[in-house]
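S.K.:
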Amino acid sequence: MIYANCKWCHGRGCVFCPREAEKARERAMQPIFTARRDNPEEMQELKRVMGKDAIDHAFGPEGSGVQEIEFNAGVAMLLRQLRQPRKKDDNEQNDQKE
Ligand SMILES: [Zn+2]
0 MIYANCKWCH GRGCVFCPRE AEKARERAMQ PIFTARRDNP EEMQELKRVM
50 GKDAIDHAFG PEGSGVQEIE FNAGVAMLLR QLRQPRKKDD NEQNDQKE
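Per numbering that gives the first Met the number 0, the sequence shown runs over residues 0 to 97.
(1) Name the residue from F32, I31, E61, K6 whose alpha carbon lies nearest to the alpha carbon of A20.
(2) The alpha helix (DSSP H) with L52 in it runs from where to where?
(3) Can you tell me which of the three DSSP states K6 falls into?
(4) Suppose contacts are defined by Cβ-Cβ distances below 9 angstroms. Is A27 in contact with V48 by that definition?
(5) Check whether the Cβ atoms of L45 and F58 sit closer than 9 angstroms, and answer yes or no.
(6) Would you mind sorting I68 into buried or exposed? The rule is 16 or more other CB atoms within 10 Å of its CB.
(7) Answer with buried or exposed for A34, where buried requires no fewer than 16 other C-beta atoms within 10 angstroms of its C-beta.
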């Protein structure tokens with residue numbers, strides 16, 4: 000078995016591939032929202048989606064609890080994906096200027 004993102008063989012195929020593929024599958028199932036600590040934009044999203052205000056609202060009188068958090072997290076992740084190509088273009092333009 001070959002797993003393309005295997006950290007041991009980088010997709011050439013090795014005895015660790017099945018285990019790495021399994022780990023990736025587990026990772027893919029879990030997260031409703033992820034943010035990288037070194038990415039201020041994503042940390043800001045995290046705060047917006049799962050910060051105190053968001054939690055207070057979700058579990059307050061007008062909130063819908065965990066479902067609300069999950070929904071907001073899903074929307075945030077979707078928006079991030081939609082933004083990605085444009086962000087890449089911006090970077091490319093910046094590169095050309097330099
Ligand atoms: Zn491998």
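Idealized CB from N, CA, C, for every residue including glycine.
M.R.: Short version:
(1) In the sequence shown, residue 20 corresponds to position 21, counting from 1. Ranking F32, I31, E61, K6 by Cα distance to A20 puts K6 first.
(2) The residue given as residue 52 occupies position 53 in the sequence shown. First, the amino acid is wrong: residue 52 is Asp here, not Leu. Where D52 is concerned, the enclosing alpha helix (DSSP H) stretches over 51-57.
(3) Your numbering for residue 6 matches position 7 in the sequence shown. The answer is coil: DSSP assigns K6 none of H, G, I, E or B.
(4) Residue mapping note: residue 27 aligns to position 28 of the sequence shown, counting from 1. Residue mapping note: residue 48 aligns to position 49 of the sequence shown, counting from 1. Taking a C-beta distance under 9 angstroms as the contact criterion, A27 and V48 do not qualify as a contact pair.
(5) In the sequence shown, residue 45 corresponds to position 46, counting from 1. In the sequence shown, residue 58 corresponds to position 59, counting from 1. No.
(6) Against the sequence shown, residue 68 aligns to sequence position 69. Counting every other CB atom within 10 Å of its CB across the protein chains shown gives I68 a total of 16 or more, marking it as buried.
(7) Your numbering for residue 34 matches position 35 in the sequence shown. Burial call: buried.
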